[in-house]
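Going down the list, the protein sequences come from chains A and B. For the first sequence, our numbering begins at 280 and goes up steadily by one. For the second sequence, our numbering begins at 280 and goes up steadily by one. Every residue gets a Cβ at the ideal spot worked out from N, C-alpha and C, and that includes glycine. All values reported here derive from a predicted model rather than from experimental measurement.
There are 2 protein chains.
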Amino acid sequence: MIISTIGIIGSGNLGTRIGLQAALSGYHVQVYDIQEISLKKSLSTMKKLLAKMAREELINAQTAQKAFERISFTKDLKKALTKTDLISESVTEDLTIKTEVWRKIGRLAPEHTIFTTNTSYLLPSQFSEVSGRPEKFCAFHFHDVFHSRVVDIMPHQGTSLEVVNLLEDIGRKLNQIPILVKKEHSGYIFNTLLIAWIDAAGRLLTGEIAEVEAIDKSWMINFNMPAGPFGILDNVGLDTAWHITSSRRNPSSRAFAALLKTYVDQGNLGTKSGEGFYKYPNPSYKHQDFLK
Amino acid sequence: MIISTIGIIGSGNLGTRIGLQAALSGYHVQVYDIQEISLKKSLSTMKKLLAKMAREELINAQTAQKAFERISFTKDLKKALTKTDLISESVTEDLTIKTEVWRKIGRLAPEHTIFTTNTSYLLPSQFSEVSGRPEKFCAFHFHDVFHSRVVDIMPHQGTSLEVVNLLEDIGRKLNQIPILVKKEHSGYIFNTLLIAWIDAAGRLLTGEIAEVEAIDKSWMINFNMPAGPFGILDNVGLDTAWHITSSRRNPSSRAFAALLKTYVDQGNLGTKSGEGFYKYPNPSYKHQDFLK
Numbered sequence: 280m281i282i283s284t285i286g287i288i289g290s291g292n293l294g295t296r297i298g299l300q301a302a303l304s305g306y307h308v309q310v311y312d313i314q315e316i317s318l319k320k321s322l323s324t325m326k327k328l329l330a331k332m333a334r335e336e337l338i339n340a341q342t343a344q345k346a347f348e349r350i351s352f353t354k355d356l357k358k359a360l361t362k363t364d365l366i367s368e369s370v371t372e373d374l375t376i377k378t379e380v381w382r383k384i385g386r387l388a389p390e391h392t393i394f395t396t397n398t399s400y401l402l403p404s405q406f407s408e409v410s411g412r413p414e415k416f417c418a419f420h421f422h423d424v425f426h427s428r429v430v431d432i433m434p435h436q437g438t439s440l441e442v443v444n445l446l447e448d449i450g451r452k453l454n455q456i457p458i459l460v461k462k463e464h465s466g467y468i469f470n471t472l473l474i475a476w477i478d479a480a481g482r483l484l485t486g487e488i489a490e491v492e493a494i495d496k497s498w499m500i501n502f503n504m505p506a507g508p509f510g511i512l513d514n515v516g517l518d519t520a521w522h523i524t525s526s527r528r529n530p531s532s533r534a535f536a537a538l539l540k541t542y543v544d545q546g547n548l549g550t551k552s553g554e555g556f557y558k559y560p561n562p563s564y565k566h567q568d569f570l571k
Numbered sequence: 280m281i282i283s284t285i286g287i288i289g290s291g292n293l294g295t296r297i298g299l300q301a302a303l304s305g306y307h308v309q310v311y312d313i314q315e316i317s318l319k320k321s322l323s324t325m326k327k328l329l330a331k332m333a334r335e336e337l338i339n340a341q342t343a344q345k346a347f348e349r350i351s352f353t354k355d356l357k358k359a360l361t362k363t364d365l366i367s368e369s370v371t372e373d374l375t376i377k378t379e380v381w382r383k384i385g386r387l388a389p390e391h392t393i394f395t396t397n398t399s400y401l402l403p404s405q406f407s408e409v410s411g412r413p414e415k416f417c418a419f420h421f422h423d424v425f426h427s428r429v430v431d432i433m434p435h436q437g438t439s440l441e442v443v444n445l446l447e448d449i450g451r452k453l454n455q456i457p458i459l460v461k462k463e464h465s466g467y468i469f470n471t472l473l474i475a476w477i478d479a480a481g482r483l484l485t486g487e488i489a490e491v492e493a494i495d496k497s498w499m500i501n502f503n504m505p506a507g508p509f510g511i512l513d514n515v516g517l518d519t520a521w522h523i524t525s526s527r528r529n530p531s532s533r534a535f536a537a538l539l540k541t542y543v544d545q546g547n548l549g550t551k552s553g554e555g556f557y558k559y560p561n562p563s564y565k566h567q568d569f570l571k
């Protein structure tokens, strides 16, 4: 099966990046969003990213121009889906919204089109049936596209092997390292490891075993890493961290979620707000004498 | 209080390194072990480490010679304890053995001597009482001394604040970064984070969610690290990993412990035996194309 046109459903942060990489990889790209403003922002983000790549000499002006010409934007879902061979959905992480979107896509997309969702924590089986073609449905989950070049391929039980193999190939063409998640698992691999690690750090803090800086130092020195769990949480955003942690049921996660909530309520969201576990732009963990 | 002589009880891998660093930091060092062969090995390891540091121009020949002259070795516990101002105990990680050793030390050591244990998973309160001076008793836990230069200071409830402050100072003099663990916690900070992370990786593997290489790749790419959980486990040693994991009670840790046991039973202990999750000396995760 030849894939030449990719439909991007939802033009947020990740949808924009997936679309741009697809165009750079030679695919025709149709970007859809329900909001005009989101499409405009997507277009301007793409331009900025292309300009940055050109400055860094990763691509030349002609490549940038050609990629850009392969992309079209529309608020008309039916138009967006015409001629698509593969769909990458990155709409809001909400089961009701995703279910509704996939019901519509299932009705409007050409019969041969492969369906993929970029969901972070939901499972493909939760909306594969409403799409009307579960065998062509698979999670195809990007991390950041240009920096963390990983794409998780996570089939549900009904996904055909042919689709899994095809996505592995497309993943490489999109300049990603494909990672096969053999069975459905919320959070895929990286987030599962990350959350277990963050949970343990949260337990040490809320259990008053150690302070933020002591916990981060222990990790940074032993693994020679530029940040520990709390430095990383500040980068993730404490609102996002709270959102993820608060959905967990065990008592220690709940205690940590409650602590994160006090930061969020005070507007301390981490790096982006200027304060979180550390103060920015010069957090102590980046000081030269932090590991002395 | 002035510390000039440090007693090292147990001359294994860590005892040897702590003793050597103490001598390099200007302390007199008395190394004790129950076995003559362990003392001989300790002496030869110290010579090798000093020669290596001299080759790497970290120290000069005179410094090495002077440090070496500050160290004495003995099988006589009473002799080892004479004049010690601080004791660092690194005997076998076994509650019965440590209890017996601390009972003896308590009887033989000078009255002013500070007692520290380098235990990995036990708690200082488990043998502070038998030592006869709980207020002078604290965990002082080294990681590797020369590479991971972290020392955990973990008091039990009865440890005096004076001792905690003194150990912070001694830790710095021993060229370590002191990390305060405010309350007793098995595994301190780093191992708590590490085990949570390894446990999550084990669950992904035994739950057949993903393969060893996929799990390691996900972590390595996202965090730009030279190894993932299974590469690190191979370095730790699968026998040690099994030993730690098998003491845990939750079902997923038990499943992973059972898997580790199959490796250990086949003599596949990781890097040191030539095979573990990867094959050595050229494991696939170190290949140039692993992250492609």
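(request) Closer than 7 Å by beta-carbon distance: list the chain A residues that pair up with B/T485, in chain order. (result) At a beta-carbon threshold of 7 Å, none of the residues of chain A lie near B/T485; the nearest stands roughly 12 Å away.
(request) Pull up the distance between the alpha-carbon of A/I488 and that of B/R412, whole angstroms please. (result) Rounded to the nearest angstrom, the two C-alpha atoms are 24 Å apart.
(request) Check whether the Cβ atoms of A/L483 and A/I494 lie closer than 8 Å to each other. (result) Contact: yes.
(request) For A/K354, count neighbouring C-beta atoms within 10 Å of its own C-beta (all shown protein chains included) and say buried if the count is 16 or more, exposed if not. (result) Exposed.
(request) Taking only the alpha-carbon atoms, compute the straight-line gap between B/L328 and B/H420 and give it to the nearest angstrom. (result) Each residue's alpha carbon lies about 20 Å from the other.
(message) I'd like to check one pair, B/F394 with B/S410: are the Cβ atoms closer than 8 Å?
(response) Yes, these two residues count as a Cβ contact at 8 Å.
(message) Just to confirm before moving on: does the CB-CB distance between B/I474 and B/I432 stay below 8 Å?
(response) Going by beta carbons, B/I474 and B/I432 fall outside the 8 Å limit.
(message) Using the Cβ count rule (16 or more neighbours within 10 Å means buried), how would you classify B/G305?
(response) By the 10 Å Cβ count, B/G305 comes out exposed.
(message) With a threshold of 7 Å on Cβ separation, who are the neighbours of B/S465 within its own chain once the five nearest residues in sequence on each side are excluded?
(response) For B/S465, where only same-chain residues beyond five positions count, the Cβ hits under 7 Å are Y400 and L402.
(message) With a threshold of 8 Å between beta-carbons, can A/D478 be considered close to chain B, or not?
(response) It does; some Cβ of chain B falls within 8 Å.
(request) Output the distance between the C-alpha atoms of A/T363 and A/E372, rounded to the nearest integer angstrom. (result) A/T363 and A/E372: Cα-Cα distance of roughly 23 Å.
(message) Please report the straight-line C-alpha distance between A/S290 and A/Y564, rounded to a whole angstrom.
(response) Per the coordinates, the alpha-carbon of A/S290 lies some 35 Å from the alpha-carbon of A/Y564.
(request) Would you kindly check if the distance between the Cβ of B/A302 and the Cβ of B/I338 is under 8 Å? (result) Contact annotation: B/I338 and B/A302 have beta-carbon atoms that are not nearer than 8 Å.
(message) Any beta carbon of chain A sitting closer than 8 Å to that of B/A418?
(response) No, its Cβ sits nowhere closer than 8 Å to a Cβ of chain A.
(message) Using the Cβ count rule (16 or more neighbours within 10 Å means buried), how would you classify B/K415?
(response) B/K415 comes out buried.
(message) For A/I316, tell me which candidate among A/M332, A/I297, A/F352 and A/E335 has the shortest Cα-Cα distance.
(response) For A/I316, the nearest C-alpha among the options comes from A/F352.
(message) With the cut-off set at 8 Å, would you say B/A479 and A/T471 are in Cβ contact?
(response) Yes, they are a contact pair.
(request) Pull up the CB-CB distance for B/S321 and B/V310, whole angstroms please, since I reckon it's below 8 Å. (result) Contact holds; Cβ gap of about 6 Å.
(request) For A/R349, return the contacting residues in chain B, with the cut-off set at a CB-CB distance below 7 Å. (result) None at all; the shortest Cβ gap to chain B is about 25 Å.
(request) Grab me the residues of A/S552's own chain with a C-beta within less than 7 Å of its C-beta, minus the 5 sequence neighbours each way, in chain order. (result) Result list for A/S552: G546, in chain order.
(request) Measure the C-alpha to C-alpha separation of A/K331 and A/L360 and round it to an integer number of angstroms. (result) As the crow flies, the alpha-carbon of A/K331 is around 30 Å from that of A/L360.
(request) Please state if the CB of B/L387 and the CB of B/L592 are separated by a distance shorter than 8 Å. (result) The question about residue 592 of chain B has no answer, for chain B in this structure spans 280 to 571.
(message) Please confirm whether A/H566 has its beta-carbon closer than 8 Å to some beta-carbon of chain B.
(response) For A/H566, the answer is no, since every Cβ of chain B falls outside 8 Å of its Cβ.
(request) Going by CA-CA distance only, name the one from B/I456, B/H435, B/I449 and B/L440 that's closest to B/I426. (result) Note that residue 426 of chain B is His in the sequence shown here, rather than Ile. Distances from the CA of B/H426 to each of B/I456, B/H435, B/I449 and B/L440 were compared; the closest alpha carbon is that of B/I456.
(request) Report the residue from A/R528, A/I500 and A/E492 whose alpha carbon sits nearest the alpha carbon of A/G555. (result) Closest in alpha carbon position to A/G555, among A/R528, A/I500 and A/E492, is A/E492.
(message) Alpha carbons only, please: which of B/T342, B/F535 and B/A418 is nearest the one belonging to B/W381?
(response) Relative to B/W381, the option among B/T342, B/F535 and B/A418 whose CA is nearest is B/A418.
(message) On the DSSP letters alone, give me the boundaries of the beta strand (DSSP E) that B/F425 sits inside.
(response) It is not in any beta strand (DSSP E) - B/F425 carries neither H nor E in the DSSP assignment.
(message) My assumption, with CB atoms under 8 Å, is that B/M325 sits in contact with B/L299. Please give the rounded CB distance.
(response) Between B/M325 and B/L299, the beta carbon gap of about 5 Å places them in contact (Cβ cut-off 8 Å).
(request) Round the Cβ separation of A/G516 and A/L548 to the nearest angstrom and send it over; I've been treating them as touching at under 8 Å. (result) Confirmed, about 5 Å.
(request) Report, in whole angstroms, the separation of the C-beta atoms of A/G507 and A/M499, which I expect to be a contact under 8 Å. (result) The beta-carbon distance between A/G507 and A/M499, rounded to whole angstroms, is 5 Å. This is short enough to meet the 8 Å contact definition.
(message) Taking its Cβ as the centre, do 16 or more other Cβ atoms sit within 10 Å of B/H391, making it buried, or is it exposed?
(response) Result: exposed.
(message) Residues of chain A with CB closer than 8 Å to the CB of B/I449, please, in chain order.
(response) The premise fails here: B/I449 is roughly 16 Å from chain A at the closest Cβ pair, so nothing lies under 8 Å.
(message) Could you tell me the alpha carbon to alpha carbon distance between A/K383 and A/A536, rounded to whole angstroms?
(response) Between A/K383 and A/A536, the C-alpha separation is close to 36 Å.
(request) Mind listing the chain B neighbours of A/H464? Cutoff is C-beta to C-beta under 9 Å, in chain order. (result) Counting only Cβ-Cβ distances below 9 Å, A/H464 has contacts in chain B at L483, G486, I488 and A489, in chain order.
(message) With H, G and I counted as helix, E and B as strand and the rest as coil, what does DSSP make of A/V409?
(response) Of the three classes helix, strand and coil, the one that applies to A/V409 here is coil, per DSSP.
(message) Check this for me: beta carbons of A/I282 and A/I458, under 8 Å apart or not?
(response) With respect to A/I458, A/I282 sits apart: the two C-beta atoms are not nearer than 8 Å.
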